[in-house]
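Chemist:
There are 2 protein chains.
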Amino acid sequence: MAVKPIRVTVTGAAGNISYALLFRLASGHVLGTDQPIELNLLEIPQAMGNLEGVAMELTDCAFPLLQSINITDQTGNAFQDTSVAFLVGSRPRSAGMERKDLLEANAQIFRQQGRIINEHASRDVKVLVVGNPANTNALIACKNAPDLKATQFSAMTMLDHNRALAKLASHLSVPVHQLKHMIIWGNHSSTQYPDISHCQVGDEPALSKVSEQWLSERFMPVCQKRGAAVIQMRGASSAASAAHAALEHMRYWVCGTPEDDWVSMAVLSDGSYGIDGEVFYSFPVTCKNGEYSIVKNLSVNDFSRNYMDQTYKELMEEREAVKSLF
Amino acid sequence: MAVKPIRVTVTGAAGNISYALLFRLASGHVLGTDQPIELNLLEIPQAMGNLEGVAMELTDCAFPLLQSINITDQTGNAFQDTSVAFLVGSRPRSAGMERKDLLEANAQIFRQQGRIINEHASRDVKVLVVGNPANTNALIACKNAPDLKATQFSAMTMLDHNRALAKLASHLSVPVHQLKHMIIWGNHSSTQYPDISHCQVGDEPALSKVSEQWLSERFMPVCQKRGAAVIQMRGASSAASAAHAALEHMRYWVCGTPEDDWVSMAVLSDGSYGIDGEVFYSFPVTCKNGEYSIVKNLSVNDFSRNYMDQTYKELMEEREAVKSLF
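Chains A and B are the protein sequences, given in the same order.
Everything in the first sequence is counted per my numbering, starting at 63 for the first residue and increasing by one.
Everything in the second sequence is counted per my numbering, starting at 63 for the first residue and increasing by one.
(1) Check whether the Cβ atoms of residue 72 of chain A and residue 120 of chain A lie closer than 8 Å to each other.
(2) So is residue 94 of chain B in contact with chain A if we call contact Cβ pairs under 8 Å?
(3) Report the rounded CA-to-CA distance for residue 308 of chain A versus residue 178 of chain B, giving the unit in angstroms.
(4) Write down the C-beta distance between residue 190 of chain B and residue 149 of chain B rounded to the nearest angstrom, noting that I regard them as a contact closer than 8 Å.
(5) What do you reckon, are the CB atoms on residue 195 of chain A and residue 380 of chain A nearer than 8 Å?
(6) Output the distance between the C-alpha atoms of residue 185 of chain A and residue 144 of chain A, rounded to the nearest integer angstrom.
(7) Are the C-beta atoms of residue 319 of chain B and some chain A residue less than 8 Å apart?
(8) Would residue 305 of chain A and residue 147 of chain A qualify as a contact pair, given that the criterion is a beta-carbon distance under 8 Å?
(9) If you measure between the beta carbons of residue 314 of chain B and residue 370 of chain B, is that distance less than 8 Å?
(10) Return yes when the Cβ of residue 214 of chain B is within less than 8 Å of the Cβ of residue 387 of chain B, no when it is not.
(11) Indicate whether at least one CB of chain B lies closer than 8 Å to the CB of residue 40 of chain A.
(12) Pull up the DSSP beta-bridge partners for residue 356 of chain B, would you.
(13) What do you reckon, are the CB atoms on residue 365 of chain A and residue 217 of chain A nearer than 8 Å?
(14) Quick one: complete alpha helix (DSSP H) runs, 4+ long, within the stretch 110–157 of chain B?
(15) Check whether the Cβ atoms of residue 244 of chain A and residue 269 of chain A lie closer than 8 Å to each other.
(16) Between A/80, A/290, A/242 and A/302, which lies nearest to residue 89 of chain B when the distance is taken from Cα to Cα?
(17) When the Cβ atoms of the stretch 269–286 of chain B are set against those of the stretch 347–362 of chain B, are three or more pairs found closer than 8 Å?
(18) Under three-state DSSP, which class holds residue 274 of chain B?
(19) Determine whether the Cβ of residue 111 of chain A lies closer than 8 Å to any Cβ atom of chain B.
(20) Could you name each continuous alpha helix (DSSP H) segment of 4 residues or more that falls completely within the stretch 280–353 of chain B, going from the start of the chain to the end?
(21) Write down the C-beta distance between residue 326 of chain A and residue 220 of chain A rounded to the nearest angstrom, noting that I regard them as a contact closer than 8 Å.
(22) Identify whether residue 75 of chain A lies in helix, strand or coil by the three-state DSSP scheme.
(23) Run through the DSSP bridge pairs and tell me what residue 102 of chain A is partnered with.
(24) If you follow the beta strand (DSSP E) that residue 188 of chain A is in, where does it begin and where does it stop?
(25) Please tell me whether residue 342 of chain A has its Cβ less than 8 Å away from any Cβ of chain B.
(26) By the 8 Å beta-carbon criterion, what residues does the stretch 102–136 of chain A contribute toward chain B?
(27) DSSP on residue 245 of chain A, reduced to helix/strand/coil?
(28) Taking C-alpha atoms, which residue in B/181, B/168 and B/241 lies nearest to residue 200 of chain B?
(29) Could you give the residue range of the beta strand (DSSP E) that holds residue 257 of chain A?
(30) Run the CB neighbour count on residue 108 of chain B, radius 10 Å, all protein chains shown included, and call it buried at 16 or more, exposed below.
(31) Opposite residue 208 of chain B in the DSSP bridges: which residues?
(32) What three-state label does DSSP hand residue 218 of chain B in the structure shown?
(33) Which partner residues does residue 267 of chain B have in the DSSP bridge list?
(34) Could you name the residues of the same chain whose beta carbon sits closer than 8 Å to that of residue 322 of chain A, not counting the 5 residues immediately before and after it, in chain order?
(35) Which residue's Cα is closest to the Cα of residue 192 of chain B: B/212, B/222 and B/283?
(36) Would you identify the three-state DSSP class for residue 66 of chain A, choosing helix, strand or coil?
This is the structure in structure tokens:
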């Protein structure tokens with residue numbers, strides 16, 4: 063019997079992250095090699111020509127699973143009956159823009175998208191926010207979609223998670239697949255806390271293999287500032303690695319995480335680990351049957367507590383700046 | 063038992079096609095989800111910083127199959143023991159450059175690469191030329207690698223093949239996977255002949271469903287000029303669709319074509335279909351056990367013969383322009 067197609071919406075669809083994401087999505091990478099897809103691609107009016115070029119290239123791949131491509135600059139149209147949404151587009155910081163202005167400009171966008179998702183999307187929609195400031199954008203979208211569950215929204219810290227795995231693997235000279243139980247706590251920003259205190263290298267604790275000095279002076283700053291380092295070297299911001307992380311995030315969410323590991327996702331806090339304010343905070347999670355669960359009751363030492371609180375504080379400040387738009 | 067890694071070389075590795083290709087390759091898309099890969103990435107010296115940024119992003123994906131990344135501007139180093147080579151980089155046409163100059167400039171590059179592949183690559187290497195003029199670049203590389211079999215070289219017309227499938231599917235309003243037996247004959251240039259005379263739509267001949275006028279006035283010119291149309295719309299040349307076609311080409315070559323279909327690849331002519339000069343000409347091929355076979359004895363009507371000869375003539379002229387470098 064033919065499998066019913068899934069409608070997938072991608073915003074900022076003519077941008078570099080989406081360009082790296084869409085072709086892997088259409089090839090069946092995320093949702094399965096027998097799952098037909100209907101793509102809804104949203105852009106701002108100025109980018110519609112460019113987006114049409116992207117749609118031409120998607121067509122030119124003759125993907126067997128890609129049943130339709132709908133390009134639009136109308137948000138309402140973009141989210142009609144969608145089951146999987148990648149919110150990639152966001153307003154970048156322009157010259158002279160204060161941090162608060164940037165938060166507000168994006169809050170306006172994600173408020174509108176949240177409302178329209180609430181009204182038009184499939185009732186089982188999963189929404190992944192990639193556009194920055196991702197955590198707070200996810201909060202805004204979620205708060206403006208009262209008919210959906212808050213657990214249908216998440217923001218991406220999987221790129222940070224993968225970067226931390228790669229950095230630790232390189233330092234220890236082990237293959238990355240030997241590492242388990244990495245955690246990114248908090249905000250997808252430079253305050254994020256990449257935590258290896260539960261990490262295992264094979265059967266051994268990673269913490270026994272590194273110095274505290276390396277952790278705080280090398281590992282953490284390198285992870286926190288990796289985005290800027292890529293821009294400096296490549297002359298453009300991370301696109302393919304961000305797209306990969308977004309695809310992985312959605313695949314784990316839809317298809318489940320491995321039995322013996324977890325991943326990092328920013329989700330609405332349920333009060334775990336003392337994060338009792340209403341923010342999207344990155345936690346270790348497992349996924350099963352299309353639902354995530356925050357991993358509970360991990361021990362938190364004083365070193366970790368301090369960093370977990372700093373990034374929490376930043377998220378609460380971001381929340382304060384945009385809460386008039388809830 | 064651990065699977066032995068395969069070494070894969072990509073040239074022009076900091077360019078847009080490679081950027082769309084490398085991450086799918088590293089995710090296991092082409093060579094299999096249990097096949098470890100060692101990547102050798104070649105660029106010109108001026109692009110090494112950019113390439114380092116790409117390598118950072120590849121690292122940041124924490125691909126379990128990606129065992130190593132070696133970036134280099136030394137051709138000899140790039141092809142050492144490589145089993146799979148994507149020759150993506152080529153010299154683009156600059157202002158005031160004649161077609162003959164372009165052919166020669168690229169012939170110099172591909173002569174050097176052919177010689178080094180001959181000397182340093184694994185004896186079972188498969189070489190796919192993507193950089194234009196792809197057919198003649200493949201010929202030059204092949205002619206400069208006398209210790210390898212000519213059947214270890216091919217050039218890409220899979221993008222044209224996919225574009226033709228997509229265009230026909232759209233015209234007939236059928237899903238693309240219902241079409242079989244498309245053929246691209248000849249050169250990956252505007253003289254290519256996209257031939258639907260053996261195409262089937264389900265069990266019916268495609269030719270019975272289209273007019274000859276549509277074929278020669280719409281279908282063929284649209285296919286032949288699709289690259290330019292994408293540039294005009296997207297503001298950049300086809301990258302992700304070209305990368306997809308390159309990955310598919312290599313996957314078919316390594317893993318085999320479906321039982322009930324063929325694909326198009328430019329390979330050294332064996333005299334089939336009256337193409338008896340020494341050129342890389344796109345034919346319908348099937349692949350099995352890592353070897354391609356030209357599909358023989360298809361009927362060729364007068365309409366087809368004319369177009370097949372035109373594109374053959376262009377390839378013979380290209381050959382003439384560069385044969386001093388054999």
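Idealized CB from N, CA, C, for every residue including glycine.
Note that the structure is predicted; figures quoted are calculated from it, not measured.
Modeler: On the basis of the coordinates in this document:
(1) Between residue 72 of chain A and residue 120 of chain A, the gap from beta carbon to beta carbon reaches 8 Å or more.
(2) No, its Cβ sits nowhere closer than 8 Å to a Cβ of chain A.
(3) Between the C-alpha atoms of residue 308 of chain A and residue 178 of chain B there is a straight-line separation of about 39 Å.
(4) Here residue 190 of chain B really is in contact with residue 149 of chain B; their C-beta atoms are around 7 Å apart, less than 8 Å.
(5) It is a contact, given that the beta carbons lie within the stated cut-off.
(6) The alpha-carbon atoms of residue 185 of chain A and residue 144 of chain A are separated by roughly 9 Å.
(7) Cβ-Cβ to chain A under 8 Å: no for residue 319 of chain B.
(8) Cβ distance not < 8 Å, so residue 305 of chain A and residue 147 of chain A don't count as in contact.
(9) It is not a contact, given that the beta carbons lie outside the stated cut-off.
(10) At the C-beta level, residue 387 of chain B and residue 214 of chain B stay beyond 8 Å of one another.
(11) Beyond the ends of chain A as shown, which are 63 and 388, falls residue 40 of chain A; an answer cannot be given.
(12) Secondary-structure assignment with DSSP links residue 356 of chain B through a beta bridge to B/347.
(13) It is not a contact, given that the beta carbons lie outside the stated cut-off.
(14) As far as the stretch 110–157 of chain B is concerned, its whole alpha helix (DSSP H) runs of at least 4 residues are 110–122 and 137–140.
(15) Not a contact, by the Cβ cut-off of 8 Å.
(16) A/302 is the residue among A/80, A/290, A/242 and A/302 whose C-alpha sits nearest the C-alpha of residue 89 of chain B.
(17) For the pair of segments examined, the stretch 269–286 of chain B was found not to touch the stretch 347–362 of chain B: the number of CB pairs separated by less than 8 Å stays below three.
(18) In the structure shown, the three-state DSSP call for residue 274 of chain B is helix.
(19) By this cut-off, residue 111 of chain A is an interface position.
(20) DSSP runs (the alpha helix (DSSP H)) wholly in the stretch 280–353 of chain B: 282–286, 288–296 and 302–317.
(21) Sure, about 6 Å apart at Cβ, within 8 Å.
(22) In this structure, residue 75 of chain A counts as coil in the three-state DSSP scheme.
(23) Beta bridge pairing from DSSP links residue 102 of chain A with A/71 and A/132.
(24) Residue 188 of chain A -> beta strand (DSSP E) spans 188–191.
(25) No, no contact with chain B.
(26) Correct list: 111, 112, 114, 115, 116, 118, 119, 120, 121, 122, 123, 124, 125, 126 and 129.
(27) Three-state DSSP puts residue 245 of chain A in a strand.
(28) Considering only alpha carbons, the answer is B/168.
(29) Annotation: the continuous beta strand (DSSP E) that includes residue 257 of chain A extends over 255–257.
(30) A residue is called buried once 16 or more other Cβ atoms fall within 10 Å of its Cβ, and residue 108 of chain B, having fewer, is exposed.
(31) Note: residue 208 of chain B sits in no beta bridge, so no partner.
(32) Residue state, collapsed to three classes: strand.
(33) Bridge partners of residue 267 of chain B: B/262.
(34) Counting only Cβ-Cβ distances below 8 Å, and skipping sequence neighbours, we find 242.
(35) Of the candidates B/212, B/222 and B/283, the one whose C-alpha sits nearest the C-alpha of residue 192 of chain B is B/222.
(36) Annotated three-state conformation of residue 66 of chain A is coil, per DSSP.
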